[in-house]
Amino acid sequence: MSSVLVKDKFFRPYLTVSEISIQVERIADEINADFKGMQPLFLGILNGSFIFAADLFRQLTIDAEICFIKLVSYKGTQSTGHVVTSIGLDQSVKGRHVIIVEDIVDTGKTLSEFLPQLLDQQPASLKIATLLHKPDALVHPLHIDYIGFTVPNKFLVGYGLDYDGKGRNFKEIYQLTEEG
Ligand code: IMP
Ligand code: MG
534 MSSVLVKDKF FRPYLTVSEI SIQVERIADE INADFKGMQP LFLGILNGSF IFAADLFRQL
594 TIDAEICFIK LVSYKGTQST GHVVTSIGLD QSVKGRHVII VEDIVDTGKT LSEFLPQLLD
654 QQPASLKIAT LLHKPDALVH PLHIDYIGFT VPNKFLVGYG LDYDGKGRNF KEIYQLTEEG
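Going left to right, the sequence shown walks through residues 534 to 713 as the working numbering numbers them.
Written as structure tokens, this is what we have:
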């Protein structure tokens with residue numbers, strides 16, 4: 534693998550296809566064991582998680598369902614600041630064992646603002662699975678139950694993650710170079 538140019542920035546190979554699939558399978562094994570005999574509802578957060586969610590979901594042997602939602606965060610004019618709106622949660626989560634699927638937890642803002650909305654709907658349990666976690670970037674405390682890779686605070690693309698909409702289709706994950 535060699536470095537790639539995405540728009541105006543250079544990225545170097547960081548995680549290979551096989552490194553990624555090993556961790557996806559490990560997380561699936563853990564979930565298969567933890568949710569044995571249950572029917573959890575996976576909730577993929579669009580756009581970034583669609584590839585991880587698809588690969589993870591195919592490794593499940595339990596009786597599971599999946600749906601996707603899109604979270605939009607924006608700055609309001611109120612002093613309350615950012616608001617997160619859920620689009621497309623068309624399924625009831627009341628009484629369900631819910632597993633949120635994220636591509637990456639960075640500052641934790643998106644999820645920490647969305648979780649109370651979800652908890653209001655009284656799921657039976659709520660877990661978070663993320664392929665990537667940048668603990669150094671985390672400013673909103675969040676308990677993450679399943680983590681593929683703990684990574685440094687550097688920008689990544691590939692395997693669903695984008696730089697300005699580009700690079701999601703890369704099979705590997707690439708890291709922004711120092712030179713950019
Ligand atoms: P958070 O609310 O700061 O945790 O942001 C999480 C979201 O930001 C992720 O779901 C991604 O969509 C995006 N994001 C954070 N870090 C990266 C990265 O390194 N590459 C691409 N997208 C990222
Ligand atoms: Mg995302």
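Each residue gets a CB set at the ideal place from its N, CA and C atoms; glycine is no exception.
DSSP places GLU712 outside both helix and strand once states are collapsed to three, so it counts as coil.
The alpha carbon of SER554 has as its nearest neighbour, out of VAL672, LEU589 and VAL537, the alpha carbon of LEU589. ALA586 sits buried, since 16 or more C-beta atoms from the chains shown fall within 10 Å of its C-beta.
Contact check for ILE602 against LEU574 fails: the beta carbons are separated by 8 Å or more. LEU644 counts as buried, since at least 16 other C-beta atoms from the protein chains shown sit within 10 angstroms of its C-beta. Counting along the chain, ARG559 sits inside the alpha helix (DSSP H) bounded by residues 550 to 567. For HIS666, the beta-bridge partners assigned by DSSP are VAL638 and THR683.
Shown here for PHE688: same chain residues with a beta carbon closer than 6 Å to its own, the five before and five after excluded, namely LEU709 in chain order.
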